[in-house]
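Protein chains in written order, with our numbering: chain A, 103 to 403; chain B, 58 to 508.
Glycine residues also receive a C-beta, built at the ideal position from the N, C-alpha and C atoms.
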Amino acid sequence: MNFELLAQLTIAGIVLGSFYALLGVSFGLVYQTSKIFHLANAIPFAAGGYGAVWSAEVLHLPLFVALAFGLLMAVVFGLLILFLGYFPVMRRNGALLSLFLVSLGITVAFPNLLQIVFGTENIPLRTYNSEGELSSAFDNRVFSSGFLTITLIDVLKIIVSWVLIIAVVVFVKRTRSGRSITALRTNPTMATAVGIDRKRVYILVFALGSFLAGVAGLFVTAEFVASPVMALQWTIVGFIAVFFGGIGSLVGTAFGGLVLGLLSSLSSLYLPVNYSPIVVFASLFIILLIRPQGLFGKASV
Amino acid sequence: MEINKLGKRAAALAIALSLTGLAACSSSSDTTSEESAAETSAAETASEAASEDTATEAGGTCINEIFGPGGEAAGEGVTLNGGMLLAMTGAGSFFGDVMSKGAQLAADQIREAGGMDYQITIADHNNGDVPTALTEVKRMISQDDIRVLQTSYGAPSEAIAPLIAEAPVLTLNGGGSSPGQLSKDFLWQNRMVFAEDPAAGALAWIHQQYPDAKTLALIGTQENGVGVFQETAPNAWAKLTGGEVVVAEQHNVGDTDFKGIASKIKSAGADAILSVSFGDDLGYQVKAVREAGIEVPFMGIEFTGQAASIAGSTYDTFNFATDFYNTENPNPWNQCFVEAYQAKYGEDPEYYGSNYYEQVFIFWDLVKRVIAAGGDPTDPTQLQDALIADPNFKSVYGGSDTVVGEVTLDTNDHSISKPMGVFSVSNGTPVLEQEIRKVSPADDPNSALVQ
Numbered sequence: 103m104n105f106e107l108l109a110q111l112t113i114a115g116i117v118l119g120s121f122y123a124l125l126g127v128s129f130g131l132v133y134q135t136s137k138i139f140h141l142a143n144a145i146p147f148a149a150g151g152y153g154a155v156w157s158a159e160v161l162h163l164p165l166f167v168a169l170a171f172g173l174l175m176a177v178v179f180g181l182l183i184l185f186l187g188y189f190p191v192m193r194r195n196g197a198l199l200s201l202f203l204v205s206l207g208i209t210v211a212f213p214n215l216l217q218i219v220f221g222t223e224n225i226p227l228r229t230y231n232s233e234g235e236l237s238s239a240f241d242n243r244v245f246s247s248g249f250l251t252i253t254l255i256d257v258l259k260i261i262v263s264w265v266l267i268i269a270v271v272v273f274v275k276r277t278r279s280g281r282s283i284t285a286l287r288t289n290p291t292m293a294t295a296v297g298i299d300r301k302r303v304y305i306l307v308f309a310l311g312s313f314l315a316g317v318a319g320l321f322v323t324a325e326f327v328a329s330p331v332m333a334l335q336w337t338i339v340g341f342i343a344v345f346f347g348g349i350g351s352l353v354g355t356a357f358g359g360l361v362l363g364l365l366s367s368l369s370s371l372y373l374p375v376n377y378s379p380i381v382v383f384a385s386l387f388i389i390l391l392i393r394p395q396g397l398f399g400k401a402s403v
Numbered sequence: 058m059e060i061n062k063l064g065k066r067a068a069a070l071a072i073a074l075s076l077t078g079l080a081a082c083s084s085s086s087d088t089t090s091e092e093s094a095a096e097t098s099a100a101e102t103a104s105e106a107a108s109e110d111t112a113t114e115a116g117g118t119c120i121n122e123i124f125g126p127g128g129e130a131a132g133e134g135v136t137l138n139g140g141m142l143l144a145m146t147g148a149g150s151f152f153g154d155v156m157s158k159g160a161q162l163a164a165d166q167i168r169e170a171g172g173m174d175y176q177i178t179i180a181d182h183n184n185g186d187v188p189t190a191l192t193e194v195k196r197m198i199s200q201d202d203i204r205v206l207q208t209s210y211g212a213p214s215e216a217i218a219p220l221i222a223e224a225p226v227l228t229l230n231g232g233g234s235s236p237g238q239l240s241k242d243f244l245w246q247n248r249m250v251f252a253e254d255p256a257a258g259a260l261a262w263i264h265q266q267y268p269d270a271k272t273l274a275l276i277g278t279q280e281n282g283v284g285v286f287q288e289t290a291p292n293a294w295a296k297l298t299g300g301e302v303v304v305a306e307q308h309n310v311g312d313t314d315f316k317g318i319a320s321k322i323k324s325a326g327a328d329a330i331l332s333v334s335f336g337d338d339l340g341y342q343v344k345a346v347r348e349a350g351i352e353v354p355f356m357g358i359e360f361t362g363q364a365a366s367i368a369g370s371t372y373d374t375f376n377f378a379t380d381f382y383n384t385e386n387p388n389p390w391n392q393c394f395v396e397a398y399q400a401k402y403g404e405d406p407e408y409y410g411s412n413y414y415e416q417v418f419i420f421w422d423l424v425k426r427v428i429a430a431g432g433d434p435t436d437p438t439q440l441q442d443a444l445i446a447d448p449n450f451k452s453v454y455g456g457s458d459t460v461v462g463e464v465t466l467d468t469n470d471h472s473i474s475k476p477m478g479v480f481s482v483s484n485g486t487p488v489l490e491q492e493i494r495k496v497s498p499a500d501d502p503n504s505a506l507v508q
């Protein structure tokens, strides 16, 4: 056993798994509450990245304000999808399949819209320095200890992802608005009967989910670039995490994401890295056979 | 991206959204002649605003100086229907964008110079999807009556070979040239065979610069460059150094997380890395490898500004070997091309744009030859016969400040010979380190270094 490699792959797995967990909770909040297969969660992800890049270059905003602007854009675009895409279909009693098709259409169209507006090029996150020149906004420092390395963004991914996940879980469990989300998720008919405003709850979960997707988009943009197709592969990972970890459980989804990341990374200890997706999907298949509710899900849901 | 460009694009979006509604009500044809006319008009308007002379100089005069006068002998009055099979959407849309820009500029320049009217139909192969490519080529042949085709990517170009041979359609590929496309009737390459041709020179250069390097890590995909990954590189490395390949990892095209591969390379203690991956993947790889603390030489087979933007400053530790296009090349045709490209699109041309630009001029040259021989300049068979009779063409590659470059197509395997080099990267810009040449696998890899 190569323990150095094992340790490095474990670190990589925790980084990846934390990011998957964030994406899973983002997707899971919306899916578990509304049952909408919200593939268009890719849009707030990309809107976060492009919002930051655009505001830094065009509005000359400093880094942290640009990041905040990106998050605002993520929430705005998430709510636009809800108001302009899903609510009209719901008002006409559209089936979940109709809502999924709306989501699919938006997901396919949005990268093309980004290409029209911003071009096909990758755009790095840059801010204006004191001399009025655009320069790289983020210095991704590398921390080393012997064989092991980790970057600053990787550290931030782990910390920020779990802080936000815990905050969302506490919000859902401890606040009145959060409990209305749980009520609608577990028994929509009863929740509506006792006066919970379904539309208001949907707005809340879409805003929260889009915010988390926007944070993920900012990480990718800060580490690499914003690009028109930056979001879809990550969004897919998000809903794999939901089914892997547990439908109906945000905590299960989060840990499902973590396990998924570790599995993906550690599988390359013995197998070529291009087997990683096969390992992930084979594991998902086996889990769905043995525990259809997911690793940490509740059987009753 | 510049601030004014973003602003203009935001304005363009407003116009585009308005026009989308109108476009949806009109014909859904993919033929880009109308778009081209609109683009040309827009470009001309912009150019006129800047300088009334620019459009004329960019379009016609220099082309006539290099290619001779317009008129009937130059194809005036001849309409040649050309198709383009490109990645217009998805992860590879950047390639489709620059390739189509290069071809469209060439069509405009040739028309303005009194040559043929080259009508372009663009089809999207969805980032290399083979079934889509087959459907689109069938459609262009039957509905758009294309006589020539500019294709891209390896897998779709290999897949369409029977279709274009049967139709026939004279086809050039300046993107993903692969061994599987060689020696196919009506299919020609105007890019060196991806990875295969520059591999020996790339490894010989590493050996020359780092003589102590004995162990090699290989990274690649399961699409292009597989032969190099499996045979050419391991054999050449063993011949050069007596060493071996200690890591050989393939990944899926479009992957962005290479931390696992970087960890394995570090663990194996490889002395050098050769990647035959392409596109954005290379940028992610270089970044992951350097952030893992690996400082050994990293050689690739391609350079794109897209990958450089992903890797950031870590790309300055990257080398690559390819038939590289250089905007600074003083070759008169190249300078004419660069100026026209900048005037039309507001940016520098790059590698792929230049290849697809050149392809249209190859077609034009063939049209002129067929006219001179009294034949039908829209007949693909006659065009190919003219190519085989004389496979030499002017080029924006090579040459000097007074001489236009020249490339030669191989009439046996339909490949091309172009100047190649090993390059380093400085502040995101390639710098030539060493000229290299194509050698056969049986030859000494050191002979690939041009002395």
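For leucine 74/B, which residues from the same chain have a beta carbon less than 6 angstroms from its beta carbon, with the 5 sequence-adjacent residues on both sides left out? Counted from its first residue, the second sequence places residue 74/B at position 17. Any answer about leucine 74/B is weak, because its pLDDT of 39 lies below 50 and its placement is not dependable; what the coordinates show is given next. Closer than 6 angstroms at the Cβ level, and outside the excluded window around leucine 74/B, lies no residue.
Can you name, in chain order, every residue of its own chain whose Cβ lies under 8 angstroms from the Cβ of aspartate 312/B, other than the five neighbours on each side? Taking the second sequence and counting its residues from 1, the one referred to as residue 312/B is at position 255. These residues qualify, in order along the chain: Asp338 and Tyr341.
Between the beta-carbon of threonine 361/B and the beta-carbon of lysine 344/B, is there less than 7 angstroms? Taking the first residue of the second sequence as 1, we reach residue 361/B at position 304. Taking the first residue of the second sequence as 1, we reach residue 344/B at position 287. One thing to note: threonine 361/B has its Cβ no nearer than 7 angstroms to the Cβ of lysine 344/B.
For tyrosine 414/B, which of helix, strand or coil comes out of DSSP? Start at 1 with the first residue of the second sequence, and residue 414/B comes out as number 357. Tyrosine 414/B carries a helical assignment under DSSP once its states are collapsed to helix, strand and coil.
Name the residue from Gly282/B, Gln176/B, Lys475/B and Ala293/B whose alpha carbon lies nearest to the alpha carbon of threonine 136/B. Position 79 of the second sequence holds residue 136/B. Per the Cα distances, Gln176/B.
Own chain residues within Cβ distance below 6 angstroms of isoleucine 341/A, not counting five before or after: Indexing the first sequence from 1 puts residue 341/A at position 239. The sequence shown places phenylalanine at residue 341/A, not isoleucine. So the qualifying residues of the chain are Phe129.
Segment limits, beta strand (DSSP E) that includes threonine 136/B: The count along the second sequence starts at 1 and reaches residue 136/B at position 79. 136-143 is the span of the beta strand (DSSP E), which, as asked, contains threonine 136/B.
DSSP state of isoleucine 123/B, grouped into three classes? Counting from one through the second sequence, the residue named residue 123/B turns up at place 66. Correct three-state label for isoleucine 123/B: helix.
Residue-chain proximity (glycine 159/B, chain A), Cβ-Cβ < 7 angstroms: Along the second sequence, one-based indexing puts residue 159/B at 102. Answer no: the Cβ-Cβ gap between glycine 159/B and chain A never drops below 7 angstroms.
Are the region 257-266 of chain A and the region 116-128 of chain A touching by the rule of at least three beta carbon pairs closer than 8 angstroms? In the pairwise beta carbon analysis, the region 257-266 of chain A is classified as touching the region 116-128 of chain A: at least three pairs are separated by under 8 angstroms.
Contact between the region 239-248 of chain B and the region 259-267 of chain B (3+ Cβ pairs under 8 angstroms): Segments in contact, no.
Using a cut-off of 8 angstroms between C-beta atoms, extract the partners of threonine 118/B located in chain A. If you number the second sequence from 1, residue 118/B lands on position 61. Those do not exist, as threonine 118/B stays about 30 angstroms from chain A at its closest Cβ, beyond 8 angstroms.
Which term fits proline 213/A, buried or exposed, when burial requires 16 or more other beta carbons within 10 angstroms of its beta carbon? Your numbering for residue 213/A matches position 111 in the first sequence. Proline 213/A should be labelled buried.
Pull the bridge partners of glycine 464/B from the DSSP assignment, please. As a working mapping, residue 464/B is identified with position 407 in the second sequence. The amino acid occupying residue 464/B in the given sequence is valine; glycine does not appear at that position. Residue pairing by DSSP places valine 464/B opposite Phe450/B in a beta bridge.
What separation, rounded to the nearest whole angstrom, lies between the Cα atoms of phenylalanine 326/A and isoleucine 367/B? Here residue 326/A is taken as the residue at index 224 of the first sequence, counted from 1. Here residue 367/B is taken as the residue at index 310 of the second sequence, counted from 1. Inter-residue distance for phenylalanine 326/A and isoleucine 367/B is about 5 angstroms (C-alpha atoms, whole angstroms).
Apply the 10 Å Cβ neighbour rule to alanine 295/A and answer buried if 16 or more other Cβ atoms are within range, or exposed otherwise. Position 193 of the first sequence, counting from 1, holds the residue named residue 295/A. With fewer than 16 Cβ atoms within 10 Å of its Cβ, alanine 295/A is classed as exposed.
Pull out every residue of the region 253-266 of chain A whose Cβ sits closer than 8 angstroms to any Cβ of chain B, in chain order. Cβ contacts with chain B come from Thr253.
For glutamate 159/A, which option in Ile145/A, Phe202/A, Val127/A and Phe220/A has the closest C-alpha, if you only look at C-alpha atoms? The sequence position of residue 159/A within the first sequence is 57, counting from 1. Closest option to glutamate 159/A, Cα to Cα, is Phe220/A.
Can you confirm whether the region 150-161 of chain B touches the region 404-416 of chain B when touching is taken to mean that 3 or more C-beta pairs between the two stretches lie within less than 8 angstroms? The region 404-416 of chain B, when compared against the region 150-161 of chain B, does touch it at the 8 angstroms Cβ threshold.
So with CB distances below 9 angstroms, who are the chain A contacts of glutamine 439/B? If you number the second sequence from 1, residue 439/B lands on position 382. Simply none; closest approach about 37 angstroms.
Do the region 338-354 of chain A and the region 283-290 of chain B meet, that is, are 3 or more Cβ pairs less than 8 angstroms apart? Here the region 338-354 of chain A makes no contact with the region 283-290 of chain B; the two share fewer than three CB pairs at distances below 8 angstroms.
Nearest to serine 205/A by CA position, among Ala154/A, Leu124/A and Leu334/A, is which residue? Here residue 205/A refers to the residue found at position 103 when the first sequence is read from its first residue. When each option's Cα is compared against that of serine 205/A, the closest is Leu334/A.
Please list, in chain order, all residues of the same chain as glutamine 44/B whose beta carbon is under 7 angstroms from its beta carbon, the five residues on each side excluded. In the structure as shown, chain B starts at 58 and stops at 508, and residue 44/B therefore has no counterpart that could be examined.
Check whether the region 162-173 of chain B and the region 200-213 of chain B are in contact - that is, three or more C-beta pairs closer than 8 angstroms. In short, these stretches do not touch, since the Cβ pair count stays below three.
Would you tell me roughly how many angstroms separate the C-alpha atoms of phenylalanine 147/A and alanine 170/A, rounded to the nearest one? One-based indexing of the first sequence puts residue 147/A at position 45. One-based indexing of the first sequence puts residue 170/A at position 68. If you take the alpha carbons of phenylalanine 147/A and alanine 170/A, they lie about 14 angstroms apart.
Leaving out five residues before and five after asparagine 224/A in sequence, what residues of the same chain have Cβ atoms less than 8 angstroms from its Cβ? Here the question's residue 224/A lines up with position 122 in the first sequence. Contacts found: Phe326, Val327, Ala328 and Ser329.
Contact set for valine 482/B: own chain, Cβ-Cβ below 6 angstroms, skip 5 residues either direction: Counting from 1 along the second sequence, the entry for residue 482/B is found at position 425. Exclusion of the five residues before and after valine 482/B leaves Tyr372, Asp373 and Phe375 as the residues of its chain whose Cβ lies within less than 6 angstroms of its Cβ.
What are the residues that DSSP puts in a beta bridge with tryptophan 245/B? Walking along the second sequence from the start, residue 245/B turns up at place 188. Per DSSP, the beta-bridge partners of tryptophan 245/B are Leu229/B.
Please report the Cβ distance between glycine 350/A and glutamine 134/A, rounded to the nearest whole angstrom; I am assuming they are in contact, meaning their Cβ atoms lie under 8 angstroms. By 1-based counting over the first sequence, the position of residue 350/A is 248. By 1-based counting over the first sequence, the position of residue 134/A is 32. Their Cβ separation, rounded to whole angstroms, is 6 angstroms, which keeps glycine 350/A and glutamine 134/A in contact under 8 angstroms.
My guess is that leucine 273/B and valine 303/B are in contact by the Cβ rule of under 8 angstroms, so how many angstroms apart are they, rounded? Within the second sequence, residue 273/B is the residue found at index 216, counting from 1. Within the second sequence, residue 303/B is the residue found at index 246, counting from 1. About 7 angstroms separates the beta carbons of leucine 273/B and valine 303/B, which is inside the 8 angstroms limit, making them a contact pair.
Assign isoleucine 263/B to one of three DSSP states: helix, strand, or coil. Your numbering for residue 263/B matches position 206 in the second sequence. Note: isoleucine 263/B maps to helix in three-state DSSP.
Going along chain B in order, which residues have a C-beta closer than 8 angstroms to the C-beta of leucine 118/A? Position 16 of the first sequence, counted from the start, is the residue given in the question as residue 118/A. Within chain B, the residues near leucine 118/A are Asp314 and Lys316.
Kindly list the residues whose CB is nearer than 6 angstroms to the CB of tyrosine 402/B, restricted to its own chain and excluding five residues on each side of it in sequence; keep chain order. The residue given as residue 402/B occupies position 345 in the second sequence. Excluding residues within five positions, the ones whose Cβ falls inside 6 angstroms are Lys158.
Which same chain residues, not among the five before or five after arginine 393/A, have their C-beta less than 6 angstroms away from its C-beta? Position 291 of the first sequence, counted from the start, is the residue given in the question as residue 393/A. Only residues of its own chain outside the window of five on either side were considered, and among them none has a CB closer than 6 angstroms to the CB of arginine 393/A.
Helix, strand or coil for glutamine 363/B, going by three-state DSSP, please let me know. Translated into the one-based positions of the second sequence, residue 363/B becomes position 306. In this structure, DSSP gives glutamine 363/B a helical state, which the three-state scheme calls helix.
Starting from tyrosine 230/A, trace the alpha helix (DSSP H) in both directions and tell me its first and last residue. Sequence index remark: in the first sequence, residue 230/A carries index 128 (1-based). Taken as a continuous stretch (DSSP letters only), tyrosine 230/A belongs to no alpha helix (DSSP H), being part of the beta strand (DSSP E) at 228-230.
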